[in-house]
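For the sequence shown, my numbering gives the first residue as 34, with consecutive numbering after it.
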Amino acid sequence: MGKTKKKFILLTLVGFFVALFVYRSFQPISTLPLDDQCIASFDTFAFTFPDRYGPTQEVILPLHPWEAITTLPEVEDLPAGRVSGKLEVETVRHNNGNREIWVSNPRSDKGFVYLVYFEGAKEWLQIQMEFKGWFYPEESLHISRENSVWKIRIFDGQILLFVFDDDSKRFIEQQVVTIPPEWRLKTKSLRRNVFDNIQTLWDENDTLWIFSSNDAVYNFDPATQQLNRLASLEGYATFSDLASDFKNEVFFDAYDDQTVSGTVLQYNISTNELAEVSLSKMPGSSVSLVDLNGNFWLGNSYGYRTPEGNWKRLNPNPINFWWHMDFLDDWRYYVPPTPVQQTSDGRIWFVINRSQEWNTLRSGIAWFDPNTEEGCWFTSEGAQIVEDSQQNLWVVIENTLYRYENETLAQ
């Protein structure tokens, strides 16, 4: 009788855990927050396949607690095109008690435009473009530890450092470093697009890191004007945007120039070593984000890899993108959202961008909190979100600058 009872209890427990597993597999990944206005949940945004024949997606502006601050002015000589003409917040500077919101077209390959909104004076400034030509340089904007606004330009065998002058309200050239001719650091690709072969980032020590495909990793210290050639990237024809913790680790997708196969590489700044990241437990995906805990997020909402090498899925069976191609056009019906930013409150922000031709498809921004498992889809346009030093959030949607104010500091 005792053995029968034990067997019954064991079978009951096994059945309970199986039922619990099945139940959990059908549960939503996130819940809607109680105090935010949302279009829908993060799950709807990330894991529901859109109706390709559905109605055109309506324009939905950010809801409370986002606040519309001002509209963007008309821009002189703004490069045309979906990417070149997309203005986004790039950085925010606190300068002598005033706040400056810097807006640019950071993903452009046809020329760079910079706008600055002076919050105290409620005025916009457009900084005139100094460069005109067929081949456009790589540019990178950075606020230094001394609170200066730097602009680095890589072009025609030189690295040029500009600093924004607060009196004249323009960039002034400070340094020019000539790239040794025997090095293959170039800004002109076969397709006349510098973004095919160069990616850059700044670290917390104001050092610029340059990843040049089929060449090498470089770093440049503006303080010493020292340009160093480091680990080799021979054999990798192109790679995607860099994902970094801005301290020591940099991740990126690299594509072999012979087989056009891709792999994820991890570069260690302190040791100057490259290593391949195994994706054996997760579907192939692009590099996207390294969060504050060192977790490495994939670019398709599947999940993330911990610093210990363990993988965590957000959804057991997320959908892949659906690619449509025919003789006359080449466009995507659906692309999963990409995690692009983590804010200091722990939320991960996901974006889907689309062109006007994809107007029946879902797009916009949503956030997901891994700690509370809450999530919110709140606007219909994808854009870059920037957090300032006072934890306020800034974004440009439909040519309007929005702010998400940190309520703790506002009180």
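Ideal Cβ placement from N, Cα and C applies to all residues, glycine included.
Note that the structure is a prediction, hence the values are computed from the model and not measured.
Can you find at least 3 beta carbon pairs, one from the stretch 175-193 and one from the stretch 207-221, that sit closer than 8 angstroms? Segments in contact, yes.
L434, buried or exposed, once every other Cβ within 10 Å from all chains shown has been counted against 16: The residue in question, L434, is buried, as its Cβ has 16 or more Cβ neighbours within 10 Å.
Could you give the uninterrupted runs of the beta strand (DSSP E) lying entirely in the stretch 267-347, keeping only those of 3 residues or more? List check, beta strand (DSSP E) in window: 269-272, 282-289, 295-301, 306-310, 320-323, 329-331, 336-338 and 344-346.
Can you tell which of I176, L307, R203 and L266 has its C-alpha closest to the C-alpha of S422? Measuring C-alpha to C-alpha distances from S422 to each of I176, L307, R203 and L266 identifies I176 as the nearest.
In angstroms with no decimal places, state the Cα-to-Cα distance between S319 and A276. So the two alpha carbons sit approximately 10 angstroms from each other.
Given a cut-off of 9 angstroms, decide if T271 and D254 are closer than it, judged by their beta-carbon atoms. The answer is no: Cβ separation not under 9 angstroms.
Using C-beta distances below 6 angstroms, list every residue in its chain close to W135, excluding the 5 sequence neighbours before and after it, in chain order. In chain order, E123, T124 and V149 place their CB closer than 6 angstroms to the CB of W135, counting only its own chain and leaving out the 5 sequence neighbours on each side.
For the candidate residues G397, L307 and D402, whose alpha-carbon lies nearest to that of T376? Ranking G397, L307 and D402 by Cα distance to T376 puts D402 first.
Just confirm the distance between the C-beta atoms of P139 and E121, as a whole number of angstroms; I'd bet it's less than 8 angstroms. Their Cβ separation, rounded to whole angstroms, is 6 angstroms, which keeps P139 and E121 in contact under 8 angstroms.
C-alpha gap between R416 and L218, whole angstroms: Just to set this straight, residue 416 is Ala in the shown sequence, not Arg. Computed Cα separation, rounded: 30 angstroms.
Comparing alpha-carbon positions, which option in N128, T81, I93 and V146 lies nearest D110? Restricting attention to N128, T81, I93 and V146, the CA atom closest to the CA of D110 is found in V146.
Can you list, in chain order, the residues of its chain with a C-beta nearer than 6 angstroms to that of R224? Leave out the 5 residues immediately preceding and following it. Confidence in R224 is poor, its pLDDT being 46 and thus under 50, which makes the residue's placement too unreliable to answer from.
Which residue wins for smallest C-alpha separation from I205, given the options L234, Q161 and V108? Nearest of L234, Q161 and V108 to I205, Cα basis: Q161.
Beta bridge counterpart(s) of L234 as assigned by DSSP: In the DSSP output, where bridge partners are listed per residue, L234 has W242.
Paired residues, beta bridge with N261 - DSSP: Bridge partners of N261: N252.
What does the alpha-carbon distance come out to for the pair R186 and L67? C-alpha separation (whole angstroms): 46 angstroms.
Using the rule of at least 16 other Cβ atoms within 10 Å of the residue's Cβ for burial, across every protein chain shown, is A101 buried or exposed? So A101 ends up on the exposed side.
For A73, collect the residues of the same chain with a Cβ closer than 6 angstroms to its Cβ; drop the 5 residues on either side in sequence, then sort them by chain order. Cβ neighbours of A73 beyond the five flanking positions: W410.
Cα separation between N343 and V310? Note on geometry: alpha-carbon atoms of N343 and V310 lie some 12 angstroms from one another.
Report the three-state DSSP secondary structure of D421 (helix, strand or coil). D421 falls in the coil class under three-state DSSP.
Short check: CB of V250 to CB of L263, under 9 angstroms? Taking 9 angstroms as the cut-off, the beta carbon of V250 is found closer than this to the beta carbon of L263.
Name the residue from D278, S273, W382 and T304 whose alpha carbon lies nearest to the alpha carbon of V297. Nearest of D278, S273, W382 and T304 to V297, Cα basis: S273.
Exposed or buried, A154, counting other C-beta atoms within 10 Å across all chains shown (16 or more means buried)? So A154 ends up on the exposed side.
Cutting at 6 angstroms between CB atoms, please list the residues of its own chain near Q159, excluding the five before and the five after it. The residues are L148.
Sheet register partners of I62 (DSSP bridge): Looking at the DSSP assignment, I62 forms no beta bridge with any residue, so it has no partner.
Which of the three DSSP states, helix, strand or coil, is assigned to T77? Assignment of T77 by DSSP, reduced to helix, strand and coil, places it in the helix class.
Residue range of the beta strand (DSSP E) that includes D198: Q191 to D198 is the span of the beta strand (DSSP E), which, as asked, contains D198.
Where does E440 sit, in a helix, a strand or coil, going by DSSP? It is helical.
Checking the sheet assignment: what are the DSSP bridge partners for K184? In the DSSP output, where bridge partners are listed per residue, K184 has L174 and F195.
Where does the unbroken beta strand (DSSP E) through V428 begin, and where does it stop? Note, V428: beta strand (DSSP E), L426 to I430.
Backbone CA spacing between L347 and S396 [nearest angstrom]: L347 and S396 have their C-alpha atoms some 19 angstroms from each other.
Closest Cα partner of H97 within the set Q70, K143 and I418: Looking only at Q70, K143 and I418, the smallest Cα-Cα distance to H97 is reached by Q70.
Is the beta carbon of E431 closer than 9 angstroms to that of V92? Against a cut-off of 9 angstroms, the Cβ pair of E431 and V92 comes out as a contact.
CA-CA distance, R338 and S173? The alpha-carbon separation between R338 and S173 amounts to approximately 28 angstroms.
Inter-residue Cα distance where the pair is G327 and Q232: Here the C-alpha atom of G327 lies approximately 21 angstroms from the C-alpha atom of Q232.
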